[in-house]
Amino acid sequence: MQRVWIAVASVWAMLLLVAVLAWSYAPAGPLPQAQPHTIVVRGANGKQQLVVVQPPAGQTHASTHTSGAAG
Numbered sequence: 005m006q007r008v009w010i011a012v013a014s015v016w017a018m019l020l021l022v023a024v025l026a027w028s029y030a031p032a033g034p035l036p037q038a039q040p041h042t043i044v045v046r047g048a049n050g051k052q053q054l055v056v057v058q059p060p061a062g063q064t065h066a067s068t069h070t071s072g073a074a075g
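Position one of the sequence shown corresponds to residue 5 (my numbering), numbered consecutively onward.
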């Protein structure tokens with residue numbers, strides 16, 4: 005009977021450990037929004053202009069997945 009109680013206690017201890025880890029888990033926050041950048045461009049004759057570069061809309065990273073079936 006002692007082995008049964010040890011098994012029950014170990015199951016409860018494992019559940020308690022999982023509950024503590026799940027309770028202390030902090031989900032990741034939202035990704036920061038892409039901000040436009042201003043750059044200085046020198047044109048012909050040395051004239052400087054400010055150009056605002058907008059971030060691409062939609063997907064902000066490259067994908068290595070190719071579409072379509074091979075061959």
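In this text, a Cβ means the ideal position worked out from N, Cα and C, and glycines have one as well.
| message | Rounded to whole angstroms, what is the Cα-Cα separation between Ile10 and Val24? | response | 21 Å
| Among the residues of its own chain, which have a CB less than 6 Å from the CB of Thr42, if the five just before and after it don't count? | Leu54, Val56
| Own chain partners of Pro31 with C-beta closer than 7 Å, once the 5 adjacent residues on each side are dropped | none
| said: Cutting at 6 Å between CB atoms, please list the residues of its own chain near Arg46, excluding the five before and the five after it. | reply: Gln52
| field | Anticipated Cβ contact below 8 Å, Pro40 with Pro59, distance rounded | value | 7 Å
| query | So Leu54 is in the beta strand (DSSP E); what residue range does that whole segment cover? | reply | 52-57
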